[in-house]
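Convert by adding 251 to the 1-based position in the sequence shown; the result is the number in our numbering.
Structure record follows, encoded as structure tokens.
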Amino acid sequence: MAQQETQEDVDQIEEVAPKRGVSRGFLLSLLMITGLAVGSYFAFINFIQPQLAVEQQERPLQVPGSKFADKVPQEMGVMYPMDPFLINLARSNGKQFLKVSLTLELSSPEVRPEVKANEFKIVDSILLLLSSKTREDVISLQGKFKLKDEIATRVNRFLVMGHVKDVYFSEFIVQ
252 MAQQETQEDV
262 DQIEEVAPKR
272 GVSRGFLLSL
282 LMITGLAVGS
292 YFAFINFIQP
302 QLAVEQQERP
312 LQVPGSKFAD
322 KVPQEMGVMY
332 PMDPFLINLA
342 RSNGKQFLKV
352 SLTLELSSPE
362 VRPEVKANEF
372 KIVDSILLLL
382 SSKTREDVIS
392 LQGKFKLKDE
402 IATRVNRFLV
412 MGHVKDVYFS
422 EFIVQ
């Protein structure tokens, strides 16, 4: 008799306890949402993104309301990287150093051979200029801009066919 009651109790428990599980409708809707997301991503990567890239290349970057919004950016000139310069700063008794890596922007490709031919003179002139500077001369932003102008002026003394348009620092360490 004890077994009969136990069997009846188990049957009652099975009837009372609802079946727990994921419905087919939920799985189907989850599958559809995932399919739409994957399809949208595929369409964006293959169709929309390349078109946006082409449009971005056709029009220059402009900041609305900027005084430069109507100006077209100028083309970069020919770049001529220089070897890094490591010098002692003036009035430091050898305790303060300046390491500068710079690149010269030339006005035309024809100037490159001329810079290459006068490279020893140019390096010497830049070394003399840098070693005459104190820490106070080069640490400020205005000092760095002044140094860029002085370097361009010194290099332009050796050039006949063209000129240096600008000087760019890629490394500037004062220690």
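In this text, a Cβ means the ideal position worked out from N, Cα and C, and glycines have one as well.
On the CB-based measure, 16 or more other CB atoms within 10 Å of its CB, does residue i come out buried or exposed?
i	result
leucine 349	buried
valine 418	buried
leucine 357	buried
methionine 333	buried
isoleucine 377	buried
leucine 278	exposed
leucine 281	exposed
isoleucine 402	buried
Taking the alpha carbon of residue i as the reference point, which residue from the options has its own alpha carbon closest?
i	options	result
isoleucine 338	Met283, Lys384, Phe420	Lys384
proline 360	Val329, Leu379, Leu380	Val329
isoleucine 373	Ile284, Leu353, Glu387	Leu353
glutamate 422	Val406, Lys399, Phe277	Lys399
glutamate 370	Val406, Ser391, Phe336, Lys346	Val406
proline 335	Ser391, Met327, Leu355	Leu355
Starting from residue i and walking both ways along the alpha helix (DSSP H), at which residues does that stretch end?
i	result
valine 362	362 to 368
methionine 283	275 to 294
isoleucine 402	392 to 407
Could you pull the start and end residues of the beta strand (DSSP E) that residue i belongs to?
i	result
valine 418	415 to 425
phenylalanine 348	348 to 357
asparagine 339	336 to 339
methionine 330	329 to 332
Short of 7 Å in beta carbon distance, which residues of its chain neighbour residue i, apart from the five on each side in sequence? Order them along the chain.
i	result
arginine 342	Thr385
phenylalanine 409	Asn369, Lys372, Ile373
Leaving out five residues before and five after residue i in sequence, what residues of the same chain have Cβ atoms less than 8 Å from its Cβ?
i	result
lysine 395	Val389, Phe420, Phe423
leucine 340	Gln347, Phe348, Leu349, Ser382, Lys384, Thr385, Arg386, Val389, Val425
Review point. Does the count of Cβ pairs from the stretch 397 to 416 and the stretch 362 to 378 closer than 8 Å reach three?
Key: Here the stretch 397 to 416 lies against the stretch 362 to 378, with 3 or more beta-carbon pairs under 8 Å apart.
Review point. Would the stretch 285 to 305 and the stretch 373 to 390 be scored as touching if the rule is three or more Cβ pairs under 8 Å?
Key: They do not touch, by the three-pair rule.
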